[in-house]
Each structure stands twice: as C-alpha cells, then as structure tokens.
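Residue numbers (this note's numbering), protein chains in the order written: chain A, 1 to 363; chain B, 1 to 363.
What follows is the structure, encoded as structure tokens:
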C-alpha cells in the first residue's frame, strides 16, 4: 500500500482512518507509513516493532519530539469513515489519527525546520502498558527520544495540556477479630473500623496547586471496598483501595508518604503508582511552542485557559521520565475518544498543522 | 449392627461416637438406633428418611419432646474415640452424641414417665437448612412434634438456654455517579457515602432486653463490604451487608422495620431472615423442667445464671414455629463444637441423664 504523506493533511487523515489499525494489528498501516517516510531523504527512519522514529539531522541548537500512536481501540461499527461537511466521522478520527496526520504531514513537508525534529509514530497505546511502543523505546532505546521538549499529539481540542498528574493506589486495610455475630461483642469488626478512613475521605480537601503557572487539582477517591467472611461472622479484615491523583509539584515518594501519614493506624500497601510530569513550559522551545499555537505569550495563554493542566495520566510522563518536558496538544475533542461516534473537524486538523508549522519554521 | 440403648449411658455415648455419622451419611447409625428403639414395646417408632420419632402413648396430661441430631461435621483426624479418665474425646462427643445418648437411654429405660415423651433423633442439622430432618418433620408431619414443651439437647454445659434470638441480614447500598478519578469532583463516590452508615454502626447501642425473665443481648454487625469498578474510576455503587441479631421480644417484621428506619437514605434489601423464639419458660412443664435440672425455681435459676438466653439461632425456633416452647439443654461445652479436639466429660452426661430422669419421673 502506498501512502503519500505530503498530500493535503485533510485527505491524509481520511486515508489513515480508512486503514484499520486496532492495537496489535497495526502492521499494515505501519508498513504504509514507513514507506511514506522513507520517500523523504531528509529523514533518518528507524523501525522498532511497529513503532517508527523519523528524525531530521540538521545540527540545530534545539530538538523537539512530535509523537502520536498509530493504534485505535476496537472498531464499533464506525468504519469506513464518513465525511459530512467539515466533519470526518470514524474510528480513530479523534483518537488520534487527526494528530497523527499532522505529525506525518509535517515530517514529509518540512525538510529544513529551524529546530531538529524527532517524529515518533508508535504502537499499542490503547492497551496494557507493557505493550506500549513508546514505553519500550524509552526503556530500550532512550537515545532515540532525546530532546529539549516533546509534544504528544493526543486530542486536546487544540488547547495545550501541560504535564500530567501522578497516580498512586493503595490498599488500606483494617484488622479485627472474628466472632459469631450472635456474640458480636466478643469480636472486633474490621468493617466498622473503616469509619475513621471514611471520615477522612469525606473531609479531605484536595490541593489545587499552581505548577509552572498552571493550576492542578488533586483527588483522593476510594475505588474498591472489600471484606467479609459469612453472614454470621464478625469480619476480621476489610480493605478499601484509595486512588490519589497528585499534582506534579509532588512526586511518587512524597505522595506515598502523604498517604501513609493520612492513613496512619491502618495497614497501607501500594498496589500501583506512576510518576507525575511537570509541564516544563519555561524552556525556550516550549515558550516558542505556546506562542505559536496560542498566538500569545505563555503567561497570557495560561490566564486565558489556552494552557491548562493535564489531570489524567498520559504518555507525556514517559518523556518526563527521560527529563524531556512534554505537553499534550492535538486536534479533536478528547471526550469523544473511544466513543462509537468519534469524529474530528478537518478545519481543526488543518489549523493544528498550520500552527505547528509556524513554530517549527520560526525562531 | 446392634445397639443396646439400655446400656450404661456413658458406654452408650462412646458407641455412638464410634459409629460415624457425618451429615448425609447417617444411615448406618440411624439403622442401629431404630433397631434399638424398636426393641422397646412401650415406644411407637416412626422413621422418616434418616430421622426417627419414638413416642410413649400413655395418655398423660402433658407431652414433652426431647430432640437431638444424629449427624456430625466431617471427621478431622478425631475418630475413633479416646477415653482419658472421665473425658471422652472424639468427633461428635460434644456436638451432640452426649445429648443423644441421654435421649436414647431415657427412651429405652423410662417405660412409664409421668409426662408423655416424644423422642426425636434427626438427620442433617450441620448442613443447609433444606436437608434438616427436624425442619422437614415440622413442615410435613407437624403432628409428630406436637407437645407442651421441647428440650433440644445441644451442648449447653448443663445450663438451660431459653428461646433464641432472631437474625436478619440486609444489603445496604449507596448509589453515586461514575467519573474518572483524575476528575473525581465530576462524580459522586458511593464508597465515601458509606460514612453515615459506619457512623451509625459504631454509635449503635444494642438493646439488652429481658424476655420472660431472661436477659438477651442484640447485635448489629457489618458482615460484608463490596464496591468498585476500576482503580481509575469513582465507584457508583457500594454495598455493606449488615446482620442484626434481635431478641425474642421483637419479631421479624419489627426487626426489618427497625433496620429500614436506621438505614433511611440507603437502598435496603433483605437477604436472609429467621424468626426469634421466646423461651416460654412459664409453662408448667417448663417450670418443672427448670426445677429438676437446676434444683431451684425458675426465678432463682435465672438469677443464678443457670437459665440464660440463647443468642445464636438454633432449631428451637422450629418448635417455636409450631407454638411449642423450647429450650436448649445438654452436656458438653458449646464452644468445643466443631473443633478437632471436641470432648465431653462422662460425668456431665450421667448428670444430665439423672436430672432429666428426675423431671420425667416426677410431678
């Protein structure tokens, strides 16, 4: 299959949508993209599994990454694509073949950017982390991702979403002593012992810190409750799992310490955890990026809400782990991701392409 | 197999223990008991499955029931029996072949009691209620159980345990609204909503009413907690199951109404329930029973703690359902029931037999 990456970006989106690429089945589309990239001699192309890296090697003072995933969630009766005026409907149109089209079109058509660029198109973002192509590169070939700044082109409705909050989940367990419920006073009820925890969760005031100028909002949520042995037995154990989303002015160690202090008196076990990522928008390449895509300076863009916090955890934190500041920025309404009726406006794709081109061609 | 029910009650216990009768496998022992009972022409014997009823038909003014189950829990390396001085060790020695030996020995050796007696030896008490032989008789042949008073010979350490508390379990559910935990404020956390329920359970003061002279003690215990969808989702439902043990001055309808009032604001679903049974000790046959087995009048026996409340639910409530007042009374420490090291003192078996003989031979 041939795929001309220099074709108009709006027709390129459609070609990408109409080439299925569910997670684990990206090969055909990856092959087409690889051939398309290799048609442009200004790019050095590396393939790793179904993940592609294409780089300019111009010796510029700065290097930036544009990254996007190739895969989609499973089809849901939403292929092939359908064009209705400016709106392109279909699987992956929003998440994230709109952004991917911008990335690939820029790769093909910007032979002499003012910043060196590393374009990354990767596999398996929509499934478990151990299959994620970007994570694999970060762990095994980190040198391919070295840069001063990275833009992950997930749908953000054309806003800049800086950094991402971290997440940690702990099991909070109370112990008691079994007894027959007919003689409940002879036992210690572990479910009843969850009262102080629930008092605390209900009274907790999540922090709303400003980090690098951007307002974050933390959250502390019980996500699972379990306990009990039989209907006639006072239970000797109860566990409530609590998920904490913490802002990037903290880190995993501090977040865990905070939870252990809060839940003092209970058994606390960490069951999963991911680092936060600072937005890092004060780097010159990042400031220039914000100016190009929002038309105003960083401080004003923050004030206007054009630059905002990423509250959910995303792959930007993989860049953060490599000490590369990163943001999310791409066309498409993020709340439509994974929906049967996902869609993207072609004008938003074109606008995104134009803004990034301006950034990558300017000073 | 022959079993002489008129042999010394202490040797009879041992013969019963050494004839295995796990629930569902009572046939061999039931056959032996049936033959033993039929050897005594003063008894009218009816067999129903592996449940036996043997009655005197003397036309006395009062009729009483002595009942006990034939089955045991599964063996646990505790057969055959072992005699150590006065102590007989082995499966079922405590629960309840000690009481069963007393019952069968009295059946064989009291041809002319002053009260007519219905002896019941039944199957499958240790397993689910639908297999219980006494329950089956109560439902299908209630006339066989008609009486003025009943004694269930479960181990009570030789004390009289009157009536039994009722039990009701309800699922108490809170509803909320799902959201991503990164935006927890957009949802309503159903686990967090369990706070008022836990406040209530921790503050609850169980009633300790006196019923027919006997002190009961209620209990309200959370027995199961469940809820949750995923580590990154604010849960929209949480259920805590609560078991309520209520004294026999109340009934099931009142107990349910009490829980619905307490848990107002939550969804409340009844998941199981059993009626309480009043001790009914004011009946003349019951008063005479208490005097015989405790050597003092009912009021004094209560004061001395020789007559006390049955807090757990037992088969006495099956008699209560037939309007027959009933108590638990038998040799053996009830806390040893179902333990690998269960045992009974032979002198307590002999003492129990002597006291019941006195009651059934006196006025």
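The beta-carbon is built from N, C-alpha and C at its ideal position, and this holds for glycine as well.
Helix, strand or coil for residue i per DSSP?
| i | result |
| --- | --- |
| residue 78(A) | coil |
| residue 33(B) | helix |
| residue 361(A) | helix |
| residue 319(B) | helix |
| residue 313(A) | coil |
| residue 274(B) | strand |
| residue 182(B) | helix |
| residue 69(B) | strand |
| residue 157(B) | coil |
| residue 207(A) | coil |
| residue 5(B) | coil |
| residue 145(B) | helix |
| residue 56(A) | coil |
| residue 221(B) | strand |
| residue 125(A) | coil |
| residue 337(A) | coil |
| residue 28(B) | helix |
Give me, in chain order, the residues of the same chain whose beta-carbon lies closer than 7 angstroms to that of residue i; leave out the 5 immediate sequence neighbours on both sides.
| i | result |
| --- | --- |
| residue 347(B) | 86 |
| residue 314(B) | 152, 154, 164, 328 |
| residue 349(B) | 9, 10, 13, 98, 101, 102, 331 |
| residue 74(B) | 22 |
| residue 181(B) | 232, 233, 234 |
| residue 114(A) | 60, 360, 361, 362, 363 |
| residue 286(B) | 149, 280, 325 |
Would you mind working out which of the options sits nearest residue i, comparing C-alpha positions?
| i | options | result |
| --- | --- | --- |
| residue 326(A) | 150(A), 103(A), 89(A) | 150(A) |
| residue 192(A) | 240(A), 310(A), 223(A), 57(A) | 240(A) |
| residue 263(B) | 287(B), 324(B), 298(B), 244(B) | 244(B) |
| residue 17(A) | 124(A), 344(A), 361(A) | 344(A) |
| residue 215(B) | 123(B), 33(B), 308(B), 229(B) | 308(B) |
| residue 220(B) | 205(B), 362(B), 318(B) | 205(B) |
| residue 57(B) | 283(B), 162(B), 146(B), 356(B) | 146(B) |
| residue 284(B) | 255(B), 270(B), 148(B) | 148(B) |
| residue 106(B) | 124(B), 78(B), 64(B), 254(B) | 64(B) |
| residue 3(A) | 257(A), 108(A), 290(A), 267(A) | 108(A) |
| residue 242(A) | 318(A), 144(A), 119(A), 267(A) | 267(A) |
| residue 223(A) | 217(B), 212(B), 178(B), 210(B) | 178(B) |
| residue 230(B) | 319(A), 174(A), 170(A) | 170(A) |
| residue 280(B) | 49(B), 156(B), 160(B) | 160(B) |
| residue 53(A) | 144(A), 124(A), 112(A), 218(A) | 144(A) |
| residue 335(B) | 321(B), 351(B), 312(B) | 312(B) |
| residue 318(A) | 27(A), 138(A), 25(A), 354(A) | 138(A) |
Can residue i be considered in contact with the ligand ADP, in the sense that its beta carbon sits closer than 7 angstroms to one or more heavy atoms?
| i | result |
| --- | --- |
| residue 263(B) | With respect to the ligand ADP, the structure offers nothing, as it holds no ligand at all. |
Over what stretch of residues does the alpha helix (DSSP H) that includes residue i continue unbroken?
| i | result |
| --- | --- |
| residue 99(B) | 98 to 109 |
| residue 303(A) | 298 to 303 |
| residue 201(B) | 195 to 203 |
| residue 293(A) | 284 to 294 |
| residue 9(B) | 9 to 17 |
| residue 133(A) | 133 to 140 |
What first and last residue would you give for the beta strand (DSSP E) that runs through residue i?
| i | result |
| --- | --- |
| residue 253(B) | Counting along the chain, residue 253(B) falls outside any beta strand (DSSP E), though it belongs to the alpha helix (DSSP H) covering 252 to 262. |
| residue 401(A) | The shown model of chain A, from 1 to 363, leaves out residue 401(A), and the question about it has no answer. |
| residue 22(A) | Note, residue 22(A): premise wrong, no beta strand (DSSP E); not H, not E. |
| residue 232(B) | Segment: none, residue 232(B) is in no beta strand (DSSP E) and carries neither H nor E. |
| residue 119(A) | 116 to 122 |
| residue 239(A) | 237 to 246 |
| residue 48(A) | 44 to 48 |
| residue 328(B) | 326 to 328 |
| residue 191(A) | It is not in any beta strand (DSSP E) - residue 191(A) carries neither H nor E in the DSSP assignment. |
| residue 166(A) | 166 to 175 |
Taking 8 angstroms as the limit between beta carbons, can you name the residues of its chain near residue i, skipping five residues before and five after?
| i | result |
| --- | --- |
| residue 265(B) | 196 |
| residue 76(A) | 91, 340 |
| residue 292(B) | 355, 356, 358, 359, 362 |
Cutting at 6 angstroms between CB atoms, please list the residues of its own chain near residue i, excluding the five before and the five after it.
| i | result |
| --- | --- |
| residue 226(A) | 239 |
| residue 338(B) | 73 |
| residue 78(A) | 90, 91, 340 |
| residue 157(A) | 333 |
For the segment 327 to 335 of chain B against the segment 86 to 98 of chain B, do three or more pairs of beta-carbon atoms, one drawn from each stretch, fall closer than 8 angstroms, so that the two count as touching?
A contact between stretches requires three or more CB pairs, one per stretch, nearer than 8 angstroms, and the segment 327 to 335 of chain B meets this requirement with the segment 86 to 98 of chain B.
Check whether the segment 243 to 253 of chain B and the segment 188 to 202 of chain B are in contact - that is, three or more C-beta pairs closer than 8 angstroms.
At 8 angstroms Cβ cutoff, the stretches do not touch.
Taking 8 angstroms as the threshold, find out whether the segment 182 to 189 of chain B comes into contact with the segment 280 to 300 of chain B through three or more Cβ pairs.
Contact fails: fewer than three Cβ-Cβ distances are below 8 angstroms.
At least 3 beta-carbon pairs within less than 8 angstroms: the segment 130 to 144 of chain A vs the segment 17 to 28 of chain B:
Between the segment 130 to 144 of chain A and the segment 17 to 28 of chain B, the count of C-beta pairs closer than 8 angstroms stays below three; the two stretches do not touch.
Is there contact between the segment 257 to 277 of chain B and the segment 166 to 178 of chain B, where contact requires at least three CB pairs shorter than 8 angstroms?
These segments touch.
For the structure I just gave you, are there three or more beta carbon pairs, one from the segment 74 to 90 of chain A and one from the segment 31 to 38 of chain A, closer than 8 angstroms?
No: the two stretches stay apart, fewer than three of their Cβ pairs being nearer than 8 angstroms.
Specify whether the segment 35 to 48 of chain B and the segment 66 to 81 of chain B touch according to this definition: at least 3 beta carbon pairs, one from each stretch, less than 8 angstroms apart.
No: the two stretches stay apart, fewer than three of their Cβ pairs being nearer than 8 angstroms.
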